[in-house]
Amino acid sequence: MFYKVVKPEYPISLIKDDSVIAISGFNMSTTPEYLIIKLYEYYEKTGHPKNLFIISDTFPGAPGRGIDLVAKKMYENDDFKFVRGMLMPFLGWSPYLQKLTLENRIEIYSWSIGIVAYWFREVASGRPGLLSYIGLYTFMDPRYGGGALNKLAEERRTCRVDIISTKGLCMSSACVGEEILLYQAPKPNVAFIRGTTADEIGNITMEKEGMYGTVLNIAQATKAQPNPGFVVAQVERIARFGSLNPTDVQVPGPLVDYIVISPPEYHYQTTNIQYDPRVCGRIIPPLEPEFIPDLFPKSGLDVKKVVARRVLLYFADLIMKLKRPIVVNLGIGIPDMVSRLAYEEGVSDFIYTTIESGPWGGIALTGVDFGVSIGPFAIISMPDMFTNYEGGVVDAASLGFLQVDKEGNVNPSMLPNRINGPGGFPVIAAGVPRVFFAGLFTAGKRDTRVVDGRLEIVKDGEIVKFVDEVYRIVFSGRFAKKQKKDIYYVTERAVFKLVD
Numbered sequence: 067m068f069y070k071v072v073k074p075e076y077p078i079s080l081i082k083d084d085s086v087i088a089i090s091g092f093n094m095s096t097t098p099e100y101l102i103i104k105l106y107e108y109y110e111k112t113g114h115p116k117n118l119f120i121i122s123d124t125f126p127g128a129p130g131r132g133i134d135l136v137a138k139k140m141y142e143n144d145d146f147k148f149v150r151g152m153l154m155p156f157l158g159w160s161p162y163l164q165k166l167t168l169e170n171r172i173e174i175y176s177w178s179i180g181i182v183a184y185w186f187r188e189v190a191s192g193r194p195g196l197l198s199y200i201g202l203y204t205f206m207d208p209r210y211g212g213g214a215l216n217k218l219a220e221e222r223r224t225c226r227v228d229i230i231s232t233k234g235l236c237m238s239s240a241c242v243g244e245e246i247l248l249y250q251a252p253k254p255n256v257a258f259i260r261g262t263t264a265d266e267i268g269n270i271t272m273e274k275e276g277m278y279g280t281v282l283n284i285a286q287a288t289k290a291q292p293n294p295g296f297v298v299a300q301v302e303r304i305a306r307f308g309s310l311n312p313t314d315v316q317v318p319g320p321l322v323d324y325i326v327i328s329p330p331e332y333h334y335q336t337t338n339i340q341y342d343p344r345v346c347g348r349i350i351p352p353l354e355p356e357f358i359p360d361l362f363p364k365s366g367l368d369v370k371k372v373v374a375r376r377v378l379l380y381f382a383d384l385i386m387k388l389k390r391p392i393v394v395n396l397g398i399g400i401p402d403m404v405s406r407l408a409y410e411e412g413v414s415d416f417i418y419t420t421i422e423s424g425p426w427g428g429i430a431l432t433g434v435d436f437g438v439s440i441g442p443f444a445i446i447s448m449p450d451m452f453t454n455y456e457g458g459v460v461d462a463a464s465l466g467f468l469q470v471d472k473e474g475n476v477n478p479s480m481l482p483n484r485i486n487g488p489g490g491f492p493v494i495a496a497g498v499p500r501v502f503f504a505g506l507f508t509a510g511k512r513d514t515r516v517v518d519g520r521l522e523i524v525k526d527g528e529i530v531k532f533v534d535e536v537y538r539i540v541f542s543g544r545f546a547k548k549q550k551k552d553i554y555y556v557t558e559r560a561v562f563k564l565v566d
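So this note's numbering is basically just the index in the sequence shown, starting at one, shifted up by 66.
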């Protein structure tokens with residue numbers, strides 16, 4: 067009955083040149099690393115499959131692993147026949163994919179994580195693409211680049227964003243203006259996904275994963291009409307049919323064509339963690355600094371902590387105003403300090419944190435392990451989590467910034483020599499009703515201190531973050547004004563508010 071369990075070379079040998087491959091992965095979480103490595107090894111041996119187009123819900127890799135390792139080999143071998151292009155929401159953990167982008171070696175597109183996650187669901191439903199207000203007046207708007215990150219992408223337009231007029235058509239109170247964006251990309255005909263356990267007919271459970279991501283929707287999009295493709299699942303182990311609890315099955319067996327058992331070294335829970343039961347809810351630790359000291363590094367009051375405390379005070383005001391606990395999203399950098407401060411200050415019971423990948427509550431891990439949480443109280447799929455952001459179900463968010471301009475536009479991650487991509491930022495920033503952008507006033511080498519309750523600037527940073535015009539618009543101040551949102555820019559020196 068184990069007819070679906072195969073060596074990786076078999077399904078890879080079935081992939082045709084010019085195929086579109088959908089790959090799950092949020093950094094190394096839900097990333098089928100073994101399948102990615104074996105795919106490129108097969109190409110090195112045979113020269114096929116080639117001219118592939120890869121689409122991911124976030125980024126399946128980390129520095130030196132997954133897609134970054136493939137990009138490194140392509141770059142070092144000066145061989146760009148394997149992949150013709152990618153749609154990738156985040157490139158920050160792939161220095162070599164950024165090189166391929168900046169040097170115009172392959173076409174690269176980048177939409178928000180939430181947009182791509184939704185897009186998979188729309189394709190699975192047989193729809194031509196995704197309609198969304200998210201992205202208007204930003205770099206994803208075709209008037210500002212349409213999500214194309216280099217010249218090849220601008221010329222080929224394999225992934226398209228078009229403006230659709232809603233004038234006279236929209237009767238919903240949710241309508242904002244008279245335009246909406248239509249996101250379109252090629253339908254995948256191969257999928258690489260990951261789970262923990264597969265049974266004999268291919269039912270997939272994810273009990274050791276710290277998130278579910280978009281795994282189910284990627285499989286559905288690949289199997290949908292027209293031209294249904296095939297799905298390959300990387301797992302740790304095989305179980306007997308009938309032994310898995312049906313409520314634990316995340317991907318039903320009929321959606322899976324082939325199962326590949328991965329060696330442990332290619333099946334990490336996160337980039338640095340092979341397995342931690344606290345990440346997937348098998349153990350819920352007391353979320354107190356004395357029980358998890360590794361997540362609460364001791365530090366004095368510095369300028370970053372000043373900014374984080376100011377954001378926490380705004381959250382406290384919101385709790386008092388709404389007279390209930392609040393639901394928030396916290397980005398990376400200074401914002402992720404807010405969660406730890408809430409525990410230190412004893413107000414964590416009134417703040418429910420969320421991560422865009424799906425976890426609710428707990429303490430979010432940072433850096434290359436971002437995307438999972440220690441001790442979450444719930445985990446949902448990534449498209450469902452982004453519904454909470456785009457629909458404004460979440461009360462507030464705090465996100466970092468790289469640049470802010472006079473129109474209130476924000477660029478969190480992109481410069482001429484560094485293209486990280488937008489990540490989840492555009493959907494969260496445009497959908498959540500109250501956003502507190504948090505960062506230091508300047509960047510670069512600086513010496514700023516907190517002394518006796520006062521800010522002391524010994525040497526200011528040489529990089530000015532408040533500019534006339536941001537390099538790329540990832541959050542639109544113009545669109546936020548139309549939505550009548552509460553937008554604040556919090557620094558160690560001053561707090562600014564977006565006004566008409």
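Heads up, the beta-carbon is just placed ideally off N, CA and C, and yes, glycines get one too.
Bear in mind the structure is a predicted one, so any value in this text is a computation, not a measurement.
For the alpha helix (DSSP H) that contains residue i, what are its first and last residues?
{"i": "G543", "result": "G543 to Q549"}
{"i": "D134", "result": "I133 to N143"}
{"i": "T112", "result": "E99 to T112"}
Keeping to the same chain, check which residues put their C-beta closer than 6 Å to that of residue i; ignore five residues upstream and five downstream.
{"i": "C225", "result": "L153, Y175 and A251"}
{"i": "Y162", "result": "D134, A137, K138 and Y141"}
{"i": "P77", "result": "V298 and Y324"}
{"i": "E220", "result": "A214"}
{"i": "F186", "result": "T280, N283, I284 and A287"}
{"i": "G132", "result": "T97, E99, I102 and P126"}
{"i": "I568", "result": "Since the first residue of the chain shown is 67 and the last is 566, residue 568 is not available in this structure."}
Got a sec: is the Cβ-Cβ distance from residue i to anything in chain C below 8 Å?
{"i": "S79", "result": "Absence of chain C from the displayed structure is noted, only one protein chain being present."}
Helix, strand or coil: which one does DSSP assign to residue i?
{"i": "M448", "result": "helix"}
{"i": "P425", "result": "strand"}
{"i": "L163", "result": "helix"}
{"i": "A219", "result": "helix"}
{"i": "L407", "result": "helix"}
{"i": "V189", "result": "helix"}
{"i": "A495", "result": "helix"}
{"i": "T453", "result": "helix"}
{"i": "E535", "result": "coil"}
{"i": "F416", "result": "helix"}
{"i": "E75", "result": "helix"}
{"i": "G433", "result": "helix"}
Please classify residue i: is it buried, with 16 or more other beta-carbons within 10 angstroms of its beta-carbon, or exposed?
{"i": "P343", "result": "exposed"}
{"i": "N486", "result": "buried"}
{"i": "K289", "result": "buried"}
{"i": "S198", "result": "buried"}
{"i": "E422", "result": "buried"}
{"i": "G466", "result": "buried"}
{"i": "K147", "result": "exposed"}
{"i": "K274", "result": "buried"}
{"i": "Q340", "result": "exposed"}
{"i": "N311", "result": "exposed"}
{"i": "D228", "result": "exposed"}
{"i": "L291", "result": "Correcting the residue identity first, residue 291 is Gln in this sequence and not Leu. Q291 comes out exposed."}
{"i": "S90", "result": "buried"}
{"i": "S365", "result": "exposed"}
{"i": "Y69", "result": "exposed"}
Apart from the five residues just before and just after residue i, which ones in its own chain have a Cβ nearer than 8 Å to its Cβ?
{"i": "L407", "result": "K371, A374, R375 and L378"}
{"i": "T432", "result": "I398 and D402"}
{"i": "P580", "result": "Nothing about residue 580 can be read from this structure; the chain reaches only from 67 to 566."}
Could you check which residue in the options has the C-alpha nearest to that of residue i?
{"i": "S85", "options": "D513, M94 and H114", "result": "H114"}
{"i": "I121", "options": "D513, I398, V256 and D415", "result": "V256"}
{"i": "A128", "options": "D145, R150, Y109 and F156", "result": "F156"}
{"i": "T204", "options": "K550, D552, V540 and R559", "result": "V540"}
{"i": "A560", "options": "F532, A546 and D552", "result": "F532"}
{"i": "V189", "options": "T263, V369, Q286 and K165", "result": "Q286"}
{"i": "I200", "options": "K551, V493, D566 and V501", "result": "V493"}
{"i": "G243", "options": "Y554, A382, I553 and K548", "result": "K548"}
{"i": "I181", "options": "L166, D207 and Q164", "result": "D207"}
{"i": "A546", "options": "G212, A88, L202 and S160", "result": "L202"}
{"i": "A509", "options": "A495, P478, V516 and D518", "result": "P478"}
Within the continuous beta strand (DSSP E) that includes residue i, where are the two ends?
{"i": "G487", "result": "Per DSSP, G487 belongs to no beta strand (DSSP E) and is neither H nor E."}
{"i": "L196", "result": "L196 to S198"}
{"i": "K525", "result": "R520 to K525"}
{"i": "F381", "result": "Element bounds for F381: not the beta strand (DSSP E) but the alpha helix (DSSP H), V369 to L388."}
{"i": "Q335", "result": "Unbroken run through Q335: none, as it is neither H nor E."}
{"i": "N395", "result": "I392 to L396"}
{"i": "K563", "result": "V561 to K563"}
{"i": "V460", "result": "Looking at the DSSP string, V460 is not in any beta strand (DSSP E), and its letter there is neither H nor E."}
Identify, in the order they occur along the chain, each residue of the same chain with its Cβ nearer than 7 Å to the Cβ of residue i, setting aside the five sequence neighbours on each side.
{"i": "K217", "result": "N170"}
{"i": "G458", "result": "G497, V498 and P499"}
{"i": "K116", "result": "D83, Y109, K147 and F148"}
{"i": "V404", "result": "A374, V377, L378, L396 and S464"}
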